[in-house]
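Visitor:
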Amino acid sequence: MLNNENLSMLNQCLGGKKMFSSFKYEKYIPSINNHMLHTFIIDEKGEIRALDVTGERFLNSVTISTLKDHLSKLESASLTSGASSTSFNIGNKSYSMKLIPLDSEKIVVIQDITLFKSIIEDFKEINLIQSQLKAIFESSYDGIFVTNVHGTTIWANKAYERITGINVSDVLEKNIVDLEKSGMFTPIVTPTILRTQKSLTTIQTFKTGKQAIITGSPVFNEKGELIYIITNVRDITELSILRQQLKKANELTERYKNELTLLRTHNQKYDDIIAESPKMKHVITSALQVARFDTTVLILGKSGVGKEVIAKLIHSSSLRNNHPFIKINCSAISPNLLESELFGYEAGAFTGASNKGKPGLFELADEGTLFLDEIGEISLDLQVKLLRVLQEQEMYRVGGVIPKKVNVRIITATNQNLEEMVEQGKFREDLYYRLNVVPIEIPPLKERKEDIVPLLWHFCEIYNKKHNMEKYFSPQIVEYLENYSWPGNVRELKNVVERLIIMSPDNELLPKHLPKHIKNLHKEHSNVRVNKLIPLKQALRELEEQLILMAQESCGSTRKIADLLGISQSSVVRRLRQIQKTGS
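First residue of the sequence shown: 1, per the UniProt record's numbering; consecutive thereafter.
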């Protein structure tokens with residue numbers, strides 16, 4: 001039933017008249033009455049004069065004022081643009097409204113289109129999915145050929161044309177049995193798949209002379225009924241080419257990998273290595289290049305330059321990087337103990353030996369790398385045993401009689417001149433040549449000044465994190481440290497930075513925080529010496545005069561003096577005149 005508000009307004013609109021059943025428009029009821037349609041009669045003022053049963057139901061959920069509002073909008077649109085219909089939403093329902101002229105009045109037909117809109121949205125979604133699937137199939141590198149259950153071709157992608165040489169238009173809407181009979185292609189898999197409902201693969205030959213591997217697969221609907229057969233078409237010729245390309249790629253993989261490793265060396269850090277200077281970049285490049293080859297390496301350089309770091313870099317960049325890297329300083333252990341450390345010993349080999357024996361470093365480093373630092377310190381007797389390991393890849397434990405096979409890469413290092421030691425009889429010549437297959441010499445820090453400042457900041461960052469500090473270098477202290485000779489090389493620099501981080505009370509590190517020997521050395525090497533305090537202007541004037549007079553002694557003309565000092569020729573002439581006037 002109508003609610004009270006709508007009933008009151010409707011009675012006013014109808015003026016006491018009844019619904020369609022007794023109204024003069026009763027004859028229109030059979031043609032327009034429908035449970036999906038809501039029909040009203042409005043007069044020229046827009047007032048409702050009659051309505052059908054469904055219209056009454058419609059007004060149970062919508063106020064007359066709402067209905068009039070939509071009617072008013074439609075009539076306005078009708079006057080301005082000639083529109084005779086519109087659509088609107090009320091709640092979760094969608095409606096269409098149409099005006100039909102009738103004498104001086106109008107029939108208003110409102111239709112519930114909620115279901116229609118839902119169906120349209122479903123169709124849009126289906127069309128979207130179909131277009132997406134088509135796009136996916138079209139982008140496939142393989143050919144795709146689709147038939148229905150009757151064997152009629154309904155679709156094929158562009159890749160099918162490329163692989164077979166057949167135009168898609170020549171096969172669409174044609175039965176594949178007929179296509180085979182006409183010589184388009186042979187054999188066909190569809191009849192067998194229709195019978196077995198299982199995938200099938202074969203080699204198909206086309207009328208163009210091309211061949212391809214085809215795989216037909218059945219497609220079923222939700223009821224398990226076969227609806228399509230999709231055939232994947234792959235070019236045999238292209239597969240052969242791809243196989244050859246893959247083979248070449250596999251052959252080049254190791255080479256590319258090694259070259260890429262070398263390229264990474266540019267301006268990069270490897271642990272404690274700073275490679276900003278050309279000399280250090282060359283060291284890293286050499287280390288990475290030799291890392292690929294399972295050969296001995298002799299690392300040369302002063303104490304503290306970072307020989308162990310380079311040895312670790314070689315190991316980590318080699319094929320042995322997943323196996324042990326073991327180091328030993330040959331100068332830190334007595335000759336008697338060094339032999340048992342390197343080669344191990346059998347049970348009871350000497351007084352105090354373990355009852356179980358002990359493996360040596362060669363055994364522990366098996367499949368990996370053994371780094372022998374200070375190799376020049378080992379005795380001649382031990383040199384003979386080391387040479388045997390290099391030549392035979394086997395060793396004897398101390399007190400042992402059975403040789404043990406070992407697979408170890410040897411990297412050695414020294415700060416001594418092994419060639420001189422060979423001449424003096426302190427180092428075996430044959431062992432020297434075995435170790436010196438690839439020598440790498442690390443320059444001292446004073447020969448690679450470009451690395452000093454990056455090293456300073458590198459270790460500053462490390463020790464700030466270690467000691468939970470926020471220290472930083474001032475420009476003044478950087479100048480001091482950059483001009484220091486660093487006789488202890490990177491090791492000394494590292495220790496100085498840690499001392500500054502720990503001992504400085506200020507976050508900004510200044511020259512006053514430096515050790516005395518660095519501050520004093522900086523003063524000794526200063527190019528300008530100050531013996532007493534004088535006004536700055538006077539000091540600058542005197543320094544300028546000294547520089548010009550020094551340049552005059554070595555240069556033959558004022559132009560050359562100007563070029564040497566980086567000033568204009570007129571400035572040189574003017575200053576020389578001033579100097580002559582003052583009698584300097």
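All residues carry an ideal CB built from backbone N, CA and C; glycine is no exception.
These numbers come from a predicted model, not from an experiment.
Tell me where the beta strand (DSSP E) around residue 366 begins and ends.
Guide: Residue 366 -> no beta strand (DSSP E), and no H or E assigned at all.
Visitor: Report the option in 358, 386 and 357 whose CA atom is closest to the CA atom of residue 370.
Guide: For residue 370, the nearest C-alpha among the options comes from 386.
Visitor: Which same chain residues, not among the five before or five after residue 416, have their C-beta less than 6 Å away from its C-beta?
Guide: Cβ within range, chain order: 376.
Visitor: Measure the CB-CB distance between residue 558 and residue 572 and report whether it falls below 7 Å.
Guide: Yes, they are a contact pair.
Visitor: Since residue 217 sits in a beta bridge, which residues does DSSP pair it with?
Guide: Residue 217 pairs with 230.
Visitor: Report the rounded CA-to-CA distance for residue 290 versus residue 562, giving the unit in angstroms.
Guide: The alpha-carbon atoms of residue 290 and residue 562 are separated by roughly 51 Å.
Visitor: Using the C-alpha atoms, what's the distance from residue 105 back to residue 41?
Guide: Rounded to whole angstroms, residue 41 to residue 105 spans 7 Å at the Cα level.
Visitor: Could you tell me which residues DSSP pairs with residue 97 in its beta bridges?
Guide: According to DSSP, which records beta bridges pairwise, residue 97 is partnered with 86 and 110.
Visitor: Quick one: any contact between the region 487 to 504 and the region 441 to 458, if contact means 3 or more CB pairs under 8 Å?
Guide: Taking 8 Å as the limit for Cβ pairs, the verdict is that the region 441 to 458 does touch the region 487 to 504.
Visitor: From residue 450 to residue 283, what distance separates their C-alpha atoms?
Guide: If you take the alpha carbons of residue 450 and residue 283, they lie about 14 Å apart.
Visitor: Taking the alpha helix (DSSP H) that residue 279 falls in, what are its first and last residues?
Guide: It spans 278 to 291 - the alpha helix (DSSP H) in which residue 279 sits, taken as one unbroken run.
Visitor: Tell me which same chain residues have a C-beta within less than 6 Å of the C-beta of residue 204, skipping the five on either side of it?
Guide: Excluding residues within five positions, the ones whose Cβ falls inside 6 Å are 185, 212 and 214.
Visitor: Once DSSP output is grouped into helix, strand and coil, what is the label at residue 520?
Guide: Residue 520: helix per DSSP, three-state reduction.
Visitor: Rounding to the nearest angstrom, what Cα-Cα distance links residue 367 and residue 498 in this structure?
Guide: Roughly 36 Å separates the two Cα atoms.
Visitor: For residue 151 versus residue 233, is the C-beta distance shorter than 7 Å?
Guide: Cβ distance not < 7 Å, so residue 151 and residue 233 don't count as in contact.
Visitor: Taking residue 229 and residue 218 to be in contact with their CB atoms under 8 Å, please state how far apart those CB atoms are, rounded to whole angstroms.
Guide: That belief holds up - the Cβ atoms of residue 229 and residue 218 are roughly 6 Å apart, short of 8 Å.
Visitor: Got a sec? Which residues, its chain only, sit under 8 Å from residue 555 by beta carbon, not counting five neighbours each side?
Guide: Answer for residue 555: 561 and 564, listed in chain order.
Visitor: By DSSP, does residue 584 sit in helix, in strand, or in coil?
Guide: Here residue 584 scores only 46 on pLDDT, less than 50, and its place in the model should not be relied on; the value that follows carries that caveat. Three-state result, residue 584: coil.
Visitor: Measure the alpha-carbon distance for residue 323 versus residue 365 and round it to whole angstroms.
Guide: Taking the straight line from one Cα to the other gives about 8 Å.
Visitor: Would you mind giving the Cβ-Cβ distance between residue 381 and residue 328, rounded to the nearest angstrom? I have them listed as a contact below 8 Å.
Guide: Contact doesn't hold; Cβ gap of about 17 Å is too wide.
Visitor: Based on Cα-Cα distance, which residue from 117, 96 and 216 lies nearest to residue 149?
Guide: When only C-alpha atoms are compared, the closest one is 216.
Visitor: Start and end of the beta strand (DSSP E) containing residue 50?
Guide: Element bounds for residue 50: 48 to 51.
Visitor: Which residue spans inside the region 379 to 452 form an unbroken alpha helix (DSSP H) run of at least 4?
Guide: For the region 379 to 452, whole alpha helix (DSSP H) runs of length 4 or above, ordered along the chain, are 380 to 392, 418 to 423 and 429 to 435.
Visitor: Here's a check: name, in chain order, each residue in its chain whose Cβ is nearer than 6 Å to the Cβ of residue 248, leaving out the five neighbours to either side.
Guide: Same-chain partners within the cutoff: there are none.
Visitor: How many Å lie between residue 340 and residue 397 at the Cα?
Guide: Going by the C-alpha atoms only, they are around 7 Å apart.
Visitor: Can residue 455 and residue 274 be called in contact, C-beta distance under 7 Å?
Guide: Yes, the pair counts as a contact, with Cβ atoms nearer than the cut-off.
Visitor: Are residue 97 and residue 74 touching if we call contact CB-CB under 7 Å?
Guide: In this structure, residue 74 lies closer than 7 Å to residue 97 by Cβ.
Visitor: Between the Cα of residue 317 and those of 63, 326, 343 and 288, spot the shortest distance and give me the residue it belongs to.
Guide: Residue 317 has its Cα closest to that of 288, out of 63, 326, 343 and 288.
Visitor: What residue from 502, 507, 538 and 483 has the CA that sits closest to residue 519's CA?
Guide: The candidate whose alpha carbon is nearest that of residue 519 is 483.
Visitor: What residue range does the alpha helix (DSSP H) around residue 342 cover?
Guide: Residue 342 -> alpha helix (DSSP H) spans 335 to 343.
Visitor: For residue 297, which three-state DSSP category applies?
Guide: The answer is strand: DSSP assigns residue 297 an E or B state.
Visitor: Go ahead and pull the three-state DSSP assignment for residue 43.
Guide: Correct three-state label for residue 43: coil.
Visitor: Would you give the residue range spanned by the alpha helix (DSSP H) that residue 476 belongs to?
Guide: Here the alpha helix (DSSP H) through residue 476 covers 475 to 483.
Visitor: Return the CA-CA distance between residue 304 and residue 251, expressed in angstroms with no decimal places.
Guide: The straight-line gap from Cα to Cα measures roughly 41 Å.
Visitor: Check each candidate in 574, 538, 540 and 413 and name the one with the smallest Cα separation from residue 301.
Guide: Nearest C-alpha to residue 301: 413.
Visitor: For residue 456, is the beta carbon positioned less than 6 Å from some heavy atom of the ligand SAM?
Guide: By its list of ligands, the structure shown contains no ligand whatsoever, and the ligand SAM lies outside what it can speak to.
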